[in-house]
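Residue numbering for the sequence shown follows the numbering used here, beginning at 3 and increasing consecutively.
This report refers to the structure that appears directly beneath it.
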Amino acid sequence: MAEHPGAHGRTGATSSPTTPASPTSEASTDASLNARVRTPHRRPWAWLVAVAVVAVVIGIIAIVNRPATQQAGRRDTVTIGLKLAPTNLDIRNQSGSALDQILIGNVYEGLVARDENNQVVPALAASWEESADGLTYTFHLNEGMSFSNGDELNADDVVWSIQELVDKQYHDASSLTNFDAITAVDPNTVELRLSAPNSNLLWTLAGRCGLVFDQDAEYDMKTEAIGSGPYLVSEFRANDSITLKANPNYWGEHRAKTETVVVRYFTDDNAAVNALASGDVQVLAPISENLAGQFADDPDHYTVQAGDGTDKYVLAFNGAGEHTSDPRIRQAIRYAIDHEELIASRGGADAPLGGPIPSLDPGYEDLTDLYPHDVDKALELMAEAGYGPDNPLTLRLEYSNTYGTDLGDQLRSQLAQIGIDLKVEVVEFSTWLQDVYTNKDYDLSLVDHNESHDFYQWADPEYYYNYDNAEVQDLYAQALAATDDADRDELLRRAARIVSEDAPADWLFNYRITTAWVNGVEGFPVNLNQTQLPLWDLAYESE
Numbered sequence: 003m004a005e006h007p008g009a010h011g012r013t014g015a016t017s018s019p020t021t022p023a024s025p026t027s028e029a030s031t032d033a034s035l036n037a038r039v040r041t042p043h044r045r046p047w048a049w050l051v052a053v054a055v056v057a058v059v060i061g062i063i064a065i066v067n068r069p070a071t072q073q074a075g076r077r078d079t080v081t082i083g084l085k086l087a088p089t090n091l092d093i094r095n096q097s098g099s100a101l102d103q104i105l106i107g108n109v110y111e112g113l114v115a116r117d118e119n120n121q122v123v124p125a126l127a128a129s130w131e132e133s134a135d136g137l138t139y140t141f142h143l144n145e146g147m148s149f150s151n152g153d154e155l156n157a158d159d160v161v162w163s164i165q166e167l168v169d170k171q172y173h174d175a176s177s178l179t180n181f182d183a184i185t186a187v188d189p190n191t192v193e194l195r196l197s198a199p200n201s202n203l204l205w206t207l208a209g210r211c212g213l214v215f216d217q218d219a220e221y222d223m224k225t226e227a228i229g230s231g232p233y234l235v236s237e238f239r240a241n242d243s244i245t246l247k248a249n250p251n252y253w254g255e256h257r258a259k260t261e262t263v264v265v266r267y268f269t270d271d272n273a274a275v276n277a278l279a280s281g282d283v284q285v286l287a288p289i290s291e292n293l294a295g296q297f298a299d300d301p302d303h304y305t306v307q308a309g310d311g312t313d314k315y316v317l318a319f320n321g322a323g324e325h326t327s328d329p330r331i332r333q334a335i336r337y338a339i340d341h342e343e344l345i346a347s348r349g350g351a352d353a354p355l356g357g358p359i360p361s362l363d364p365g366y367e368d369l370t371d372l373y374p375h376d377v378d379k380a381l382e383l384m385a386e387a388g389y390g391p392d393n394p395l396t397l398r399l400e401y402s403n404t405y406g407t408d409l410g411d412q413l414r415s416q417l418a419q420i421g422i423d424l425k426v427e428v429v430e431f432s433t434w435l436q437d438v439y440t441n442k443d444y445d446l447s448l449v450d451h452n453e454s455h456d457f458y459q460w461a462d463p464e465y466y467y468n469y470d471n472a473e474v475q476d477l478y479a480q481a482l483a484a485t486d487d488a489d490r491d492e493l494l495r496r497a498a499r500i501v502s503e504d505a506p507a508d509w510l511f512n513y514r515i516t517t518a519w520v521n522g523v524e525g526f527p528v529n530l531n532q533t534q535l536p537l538w539d540l541a542y543e544s545e
């Protein structure tokens, strides 16, 4: 990934504005924008096709777009409620998973994509080959592709987009490890060369690094968007809402099933729940398991489902701390934590996680048996270190107020049983960044690390964990250089087991996103929907 401040993983989560955007923050990338986009040397007849297609679409809409109260069947508009709002649309420069969530796969497309199981699948590239030495990837593009303004999309656009990423160091560029060169073999073939193997390359290209932009289009990327996906951004209100319209020039198989998707952002959970209950939105993601109860109890009208993701609630122990450098203290804490109790208190949707790799990432292995809940074992280790209920050890837990106070209160109570007096400090995220992430001044800290493929953290002795294990670093380097996925996965499994055994942290749980929707809604992604949210299959069949 491009920046270690991704430790929090959700830029803006602690400080998203709650007031509606001013009129000047609105922007449109509908037909009016596409009409004024410069299209030199690209298909001089494309505008005729675009006009014809738009006319057909408008005619169809006029037929089916009757008031909802007057018809049953598929609605032409679906409104969904999300939590983390983008402050602008510039996906090349602006950090934050909110942009990936709404733009990738909907408005912008990449060479490859990720499916609901976090596996790489074809996108703009229909197929690809990797050389035996892992240094050359040849991508074969789909034919007849175009951007939303009618411009042809071919190998030149792919090469320009990725070369611009590298040259201008756009967001996430540093994750394109070992990049050497990219060339267009012909209009439908791209060759990407590496200086050394990188087993994460395809997965990386399924994110921002592989996005393809129209090099001839002129528009303000902060407020507008020209992509090749099934949707256009027709209206953008910063920190408030985004309206997507079906792209009449869409070239591929994922043509939008719903003409208009309105995305509303809620910083207040109760307001979000009320919006679903009142029918103002038809889908809500995420919703806490506890607040979802009223909808789960009404299966005649609502569906509630938890999906898998890569969020890892990590209770980090400072490896260079005065007391947490002692492995007995770290191990005692891990044995003392009752993970089932923590998960149950949050509604029961989250999954146990005994190590640094979640179930949707390469190298996953169930490691929950390494440190089962065992207070007696924890007391023995504490006694060996010279502490216990009669001689308590004072430790400080500092974490961001993003996560509330409940987890800190529960951990304080659980660790008190083994003689740890936990002082909990819940602070602003900016304070956490300074104290913990930058200065490494802490004993314990809590963070939701939501990034996928982020094992690099445990192979970096400079990361805020202060965890330094040469064998883990070597195994990770071998995994990155592997040219076979099975070999890569086995190397990561071995490294993850060592990390868990060393206990540089406790993995409290794998946070699972709960989504609730009105019955009749189909095709809304459940897995990974806070980092990627393809909406082309979304439809709402009302009664």
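From the three backbone atoms N, C-alpha and C, an ideal C-beta is built for every residue, glycine too.
Predicted model, so just to flag it, every value in this text is computed and none were measured.
Residue i - containing beta strand (DSSP E), residue span
i: isoleucine 104; result: Counting along the chain, isoleucine 104 falls outside any beta strand (DSSP E), though it belongs to the alpha helix (DSSP H) covering 99-105.
i: proline 536; result: Taken as a continuous stretch (DSSP letters only), proline 536 belongs to no beta strand (DSSP E), as it is neither H nor E.
i: alanine 507; result: 507-520
i: isoleucine 82; result: 79-84
i: alanine 380; result: Counting along the chain, alanine 380 falls outside any beta strand (DSSP E), though it belongs to the alpha helix (DSSP H) covering 377-386.
i: alanine 287; result: Looking at the DSSP string, alanine 287 is not in any beta strand (DSSP E), and its letter there is neither H nor E.
i: threonine 260; result: Neither: threonine 260 is in no beta strand (DSSP E) and is coded neither H nor E.
i: valine 122; result: 122-124
i: alanine 115; result: 114-116
i: alanine 248; result: 243-248
Contact belief for residue i with residue j at Cβ below 8 Å, rounded distance in angstroms
i: asparagine 403; j: valine 429; result: 7 Å
i: leucine 126; j: threonine 191; result: Actually they do not touch by this definition, with Cβ atoms about 12 Å apart.
i: tryptophan 509; j: glycine 357; result: 6 Å
i: leucine 530; j: glutamate 118; result: 6 Å
i: asparagine 452; j: aspartate 352; result: With a Cβ gap of about 13 Å, asparagine 452 and aspartate 352 do not count as contacting.
i: glutamine 217; j: alanine 338; result: That pair is no contact at about 57 Å.
i: leucine 317; j: leucine 446; result: 6 Å
i: threonine 225; j: phenylalanine 215; result: Wrong, their Cβ atoms sit about 16 Å apart, outside the cutoff.
i: valine 168; j: alanine 157; result: Actually they do not touch by this definition, with Cβ atoms about 17 Å apart.
i: valine 80; j: valine 523; result: 7 Å
i: alanine 322; j: lysine 442; result: 7 Å
i: valine 285; j: threonine 517; result: 7 Å
i: asparagine 202; j: leucine 482; result: 7 Å
i: tyrosine 469; j: tryptophan 460; result: 6 Å
Option in the options with minimal Cα separation from residue i
i: asparagine 241; options: Pro88, Leu207 and Pro506; result: Pro88
i: phenylalanine 149; options: Asp188, Ile164 and Ser230; result: Ser230
i: leucine 417; options: Asp443, Gly390, Trp434 and Tyr366; result: Gly390
i: proline 374; options: Arg495, Pro354, Asp363 and Asn521; result: Pro354
i: glycine 1; options: Ala208, Asp271 and Arg336; result: Since the displayed the chain opens at 3 and closes at 545, residue 1 lies outside it and no answer follows.
i: valine 501; options: Leu246, Ala472, Gln103 and Glu166; result: Ala472
i: alanine 488; options: Thr407, Pro364, Asp423 and Arg514; result: Pro364
i: valine 263; options: Leu537, Ser544, Leu493 and Pro199; result: Leu537
i: glycine 254; options: Ala248, Pro232 and Phe238; result: Pro232
i: leucine 383; options: Thr326, Leu369, Leu435 and Leu399; result: Thr326
i: glycine 311; options: His455, Tyr139, Thr81 and Gly388; result: His455
i: serine 2; options: Gln459, Gly209 and Ile184; result: Summary: the structure shown does not reach residue 2, with the chain confined to residues 3 through 545, and so no result is reported for it.
i: glutamate 367; options: Arg514, Ile106, Asp491 and Leu167; result: Asp491
i: aspartate 392; options: Leu399, Gly421 and Gly406; result: Gly421
i: valine 265; options: Ser432, Gln103, Ser361 and Tyr469; result: Gln103
i: alanine 128; options: Val114, Asn120 and Gln121; result: Val114
i: serine 133; options: Ala484, Tyr542 and Leu278; result: Ala484
i: cysteine 211; options: Thr245, Ile93, Asp78 and Leu493; result: Ile93
i: threonine 245; options: Asn251, Tyr267, Arg257 and Met147; result: Tyr267
Per DSSP, cross-strand counterpart(s) of residue i
i: tryptophan 130; result: Phe141
i: proline 391; result: Its beta-bridge partners do not exist; DSSP assigns none.
i: histidine 451; result: Lys314
i: glycine 75; result: Ser544
i: threonine 191; result: His142 and Asp188
i: arginine 210; result: DSSP output for arginine 210 lists no bridge partner at all.
i: alanine 183; result: Arg195
i: glutamine 307; result: Thr517
i: glutamate 524; result: Ala541
i: phenylalanine 319; result: Leu446
i: alanine 353; result: Asn512
i: arginine 266; result: Gly83 and Ser243
Host alpha helix (DSSP H) of residue i (start-end)
i: histidine 341; result: 341-347
i: alanine 277; result: 271-280
i: glutamate 237; result: Careful: glutamate 237 lies outside any alpha helix (DSSP H), inside the beta strand (DSSP E) at 233-239.
i: arginine 332; result: 329-338
i: valine 161; result: 157-170
i: phenylalanine 297; result: 295-298
Heavy atom of the ligand PLP within 8 Å of residue i beta-carbon
i: leucine 204; result: Here there are no bound small molecules, and the ligand PLP is not part of this structure.
Which full runs of the alpha helix (DSSP H) of 4+ residues lie inside the stretch 474-505, going along the chain? 487-504
Enumerate, from N- to C-terminal direction, the unbroken alpha helix (DSSP H) stretches of 4 or more residues contained entirely within the stretch 405-464. 408-418 and 431-434
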